[in-house]
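Visitor: If you scroll down you'll find the structure; I have some questions about it.
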Amino acid sequence: MKMGLKMKEITEKAGINNSTVIYYISLGLLPEPIKTSKNMAYYPDSYLRIIPVILYLKETLHLPLATIKQLIDNIGYDKISIKNALHYYETFLKSFDYKDDIVNYGKEEFIIKACLEDKEITELESKEMILSSVKGFYYYEDLLTAKAYKTLRDYGIPFTSIERLAAIIKKLVNEVHEIYHEHEWKFNEQEEVEFTGILQKELDIIFHYLMSKYSQALFKNESSK
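According to UniProt numbering, the sequence shown is numbered sequentially starting from 1.
Shown next, in the form of structure tokens:
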């Protein structure tokens, strides 16, 4: 039984050099190889499916490796494809403006960049106000959110006040999920993928609109008193 592919087979078929393969493995973009000895390893056949996805996202869409890593983490090595990656990116990640190519931050680096204390990060995680995809590692949107919490905290708004909003948002997400399941049966597989993205995009517009309008109404009512 063949254990996998040799490095030479990977580089020839995928069209990249061995240092790039090793780099992608170190970042977690590719699964770990099977090591049979100190200097011998076999690489999963899935490399030949995953590497083209990475290259397409990186070279055609110009996505940073940080975003690609998050796509792979959330979709999984077994299910990652250009189609699935594009769908996930358009639905969940496109709104975040990644500033660098850092794949993720360890806990210590995350604390420093967020300008929060370890106990504060722990509190936010315990209250499910920061939800990292991989335990002990954080993505750029986790950092943006942690900084937002810090800014509000500096203005005297404690995490406990924002926690109430997190609970409401969680209920709102469940409501959106119910809407999705009420209507998904109408579509074939391709249409369902499109429907998921459209639902997310259009509801984002509606949420922002209603937030703005309700806020304006409150301001108007309070100003008239």
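Just so you know, even glycine gets a beta-carbon here, dropped at the ideal spot from N, CA and C.
Which one of D142, Y42, V176 has the shortest CA to CA distance from L203?
Guide: Considering only alpha carbons, the answer is V176.
Visitor: Let's see if you can read the secondary structure: which residues bound the alpha helix (DSSP H) around I54?
Guide: From DSSP, the alpha helix (DSSP H) with I54 extends over 47 to 55.
Visitor: Roughly how many angstroms separate the alpha carbons of A146 and L116, rounded to a whole number?
Guide: 8 angstroms
Visitor: Which two residues bound the contiguous beta strand (DSSP E) that contains residue 234?
Guide: This structure does not reach residue 234, given that the chain is present from 1 up to 225, and the question cannot be answered.
Visitor: What is the rounded straight-line gap between the Cα of N39 and the Cα of M7?
Guide: Whole-angstrom Cα-Cα distance: 12 angstroms.
Visitor: Assuming Y42 is part of the beta strand (DSSP E), what are its boundary residues?
Guide: 40 to 42
Visitor: Between I50 and Y42, which are expected to be in contact by the criterion C-beta below 8 angstroms, what is the C-beta distance as a whole number of angstroms?
Guide: I50 to Y42, Cβ: 16 angstroms. No contact.
Visitor: For V134, count the other beta carbons within 10 Å of its own beta carbon; 16 or more makes it buried, fewer makes it exposed. Which is it?
Guide: Burial is judged here by how many other beta carbons sit within 10 angstroms of a residue's own beta carbon; V134 has fewer than 16 and is exposed.
Visitor: If you check the beta carbons only, do I169 and Y149 fall under 8 angstroms apart?
Guide: no
Visitor: Pair every Cβ in the region 68 to 84 with every Cβ in the region 122 to 131, then say whether three or more of these pairs are closer than 8 angstroms.
Guide: Taking 8 angstroms as the limit for Cβ pairs, the verdict is that the region 122 to 131 does not touch the region 68 to 84.
Visitor: With L65 and L27 assumed to form a contact (beta carbons below 8 angstroms), what rounded beta-carbon distance in angstroms separates them?
Guide: Contact holds; Cβ gap of about 6 angstroms.
Visitor: What first and last residue would you give for the alpha helix (DSSP H) that runs through F207?
Guide: In the DSSP annotation of this structure, the continuous segment of the alpha helix (DSSP H) that includes F207 starts and ends at 189 to 223.
Visitor: Between F219 and M211, what straight-line distance do the alpha-carbon atoms span, to the nearest angstrom?
Guide: 12 angstroms
Visitor: Please tell me whether P31 and P44 are closer than 8 angstroms, where the distance is taken between their beta carbons.
Guide: Remark: C-beta atoms of P31 and P44 approach each other more closely than 8 angstroms.
Visitor: Since L29 and I72 are thought to touch, with beta carbons under 8 angstroms apart, how far apart are those beta carbons, to the nearest angstrom?
Guide: 6 angstroms
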